[in-house]
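> Okay, so the sequence shown: first residue is 8 according to the numbering used here, each after it adds one. Every residue, glycine too, gets a C-beta built ideally from N, C-alpha and C.
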Amino acid sequence: MQRYFIEGKVPENRITVITGDDAKHIAKVMRQTAGDGLIAVMEGKAFSATILSAERDIELRLDSEMEADVEMPKRVTIACGLPKGDKLDLITQKSTELGMHALIPFSAERSIVKWDASKNDKKIGRLQKIAKEAAEQSHRTHLPVIHNVHSFKQLLEAAEDFDAVIVAYEEEARSASPVRFADILKTLYDKSSILIVFGPEGGISEAEASSLKQAGALFTSLGPRILRTETAPLYAMSAMSYEFE
Numbered sequence: 008m009q010r011y012f013i014e015g016k017v018p019e020n021r022i023t024v025i026t027g028d029d030a031k032h033i034a035k036v037m038r039q040t041a042g043d044g045l046i047a048v049m050e051g052k053a054f055s056a057t058i059l060s061a062e063r064d065i066e067l068r069l070d071s072e073m074e075a076d077v078e079m080p081k082r083v084t085i086a087c088g089l090p091k092g093d094k095l096d097l098i099t100q101k102s103t104e105l106g107m108h109a110l111i112p113f114s115a116e117r118s119i120v121k122w123d124a125s126k127n128d129k130k131i132g133r134l135q136k137i138a139k140e141a142a143e144q145s146h147r148t149h150l151p152v153i154h155n156v157h158s159f160k161q162l163l164e165a166a167e168d169f170d171a172v173i174v175a176y177e178e179e180a181r182s183a184s185p186v187r188f189a190d191i192l193k194t195l196y197d198k199s200s201i202l203i204v205f206g207p208e209g210g211i212s213e214a215e216a217s218s219l220k221q222a223g224a225l226f227t228s229l230g231p232r233i234l235r236t237e238t239a240p241l242y243a244m245s246a247m248s249y250e251f252e
């Protein structure tokens, strides 16, 4: 059954409305009408719902709350140095499917891409749409937050709000005794919010690594192979799912 995220609080009378593109999708693509059912997600809860009216907007009644334990037990935020091309689209989509809580794109020293501030709303809106569609497809109850692009300084400030900060650092993989990601995960069972930082194609610079270390971040290797910038977050999310779920 198709799932849709609805903003706002659950009404006392359990009657709510779906508008915009989702309403068009229900009426024109799914061809649903009054009496048909769907799944509505509000305030992190999934409800079986019945369509009451399918005219311009979709009016529906929230029936019973559905028991669902689909979210990763850790709130994992991924911070990605701005990559080239559409790699951020892929990271957003697949990491959402794997349980990502939020995404922070940041302008790294070695980022080749320069974020056009005049197109920020359009680009962030695109990522939000990708995350929404992925969350619906994977039957999640949390819609990942896509933050505006951070400077590295802003990223360091944001890192202070997390229980743990982990940096995937390729130089760690080349060291004589690299810190295994699996070993770090064993230390996170009492942590709720986790930030994992990934560099762009050129990796994290030495200056950025030094600043992150001073901020108390844990550095780790994701194995003996050097992963692409769009592969590393998916590797990490999969490993965390295996460890905690």
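Closer than 8 Å is the cut-off here; do at least three beta carbon pairs connect the stretch 130-145 with the stretch 176-187?
The stretch 130-145 vs the stretch 176-187: no contact.
> Alpha carbon to alpha carbon, how far is Ile119 from Pro185? Give it in angstroms, no decimals.
The straight-line gap from Cα to Cα measures roughly 28 Å.
> What's the C-alpha gap between Ile233 and Ser114?
Roughly 21 Å between the two C-alpha positions.
> Mind listing, in chain order, the continuous alpha helix (DSSP H) runs of no fewer than 4 residues lying wholly within the stretch 94-134?
Runs found: 94-104.
> Would the beta-carbon of Asp64 fall within 8 Å of that of Ala86?
Against a cut-off of 8 Å, the Cβ pair of Ala86 and Asp64 comes out as no contact.
> Check whether the Cβ atoms of Ala56 and Ala34 lie closer than 8 Å to each other.
No. Outside cutoff.
> Which residues does DSSP pair with Lys52 in a beta bridge?
DSSP lists Met49 as partners of Lys52.
> With 16 other CB atoms within 10 Å as the buried threshold, where does Met37 fall?
Exposed, since its Cβ has fewer than 16 Cβ neighbours within 10 Å.
> State the Cα-Cα distance for the pair Leu195 and Ile201, rounded to the nearest angstrom.
Roughly 9 Å between the two C-alpha positions.
> Please name the residue or residues paired with Arg235 in a DSSP beta bridge.
Per DSSP, none; premise fails for Arg235.
> Determine the contact status of Pro151 and Thr227, defining contact as a CB-CB distance below 8 Å.
Cβ atoms of Pro151 and Thr227: not closer than 8 Å.
> Give every residue of the same chain whose Cβ lies closer than 8 Å to the Cβ of Pro90, excluding the five residues on either side of it in the sequence, and list them in chain order.
Here the set comprises Ile98, Ser118, Val120, Pro207, Glu208, Thr236 and Glu237.
> So, helix, strand or coil for Glu72, using DSSP?
Of the three classes helix, strand and coil, the one that applies to Glu72 here is strand, per DSSP.
> Check each candidate in Leu163, Glu164, His108 and Lys126 and name the one with the smallest Cα separation from Ala141.
Of the listed residues, the one whose Cα sits closest to Ala141 is His108.
> Can you list, in chain order, the residues of its chain with a C-beta nearer than 7 Å to that of Ala41? Leave out the 5 residues immediately preceding and following it.
Excluding sequence neighbours, Ala41 sits near Ile58, Leu59, Ser60 and Ala61.
> Per DSSP, what kind of secondary structure is His32 in: helix, strand or coil?
Helix, per DSSP.
> Of the choices Tyr249, Ala171, Pro231 and Leu192, whose alpha-carbon is the least far from that of Ser182?
Taking only the C-alpha atoms, the option nearest Ser182 is Pro231.
> Can you tell which of Asn20, Glu14 and Pro18 has the C-alpha that lies nearest to the C-alpha of Gly254?
Residue 254 falls outside the range modelled here, since the chain spans only 8 to 252, and no answer is possible.
> Between the C-alpha atoms of Ser248 and Asp170, what's the straight-line distance to the nearest angstrom?
Computed Cα separation, rounded: 18 Å.
> From Phe54 to Ile131, what distance separates their C-alpha atoms?
Between Phe54 and Ile131, the C-alpha separation is close to 28 Å.
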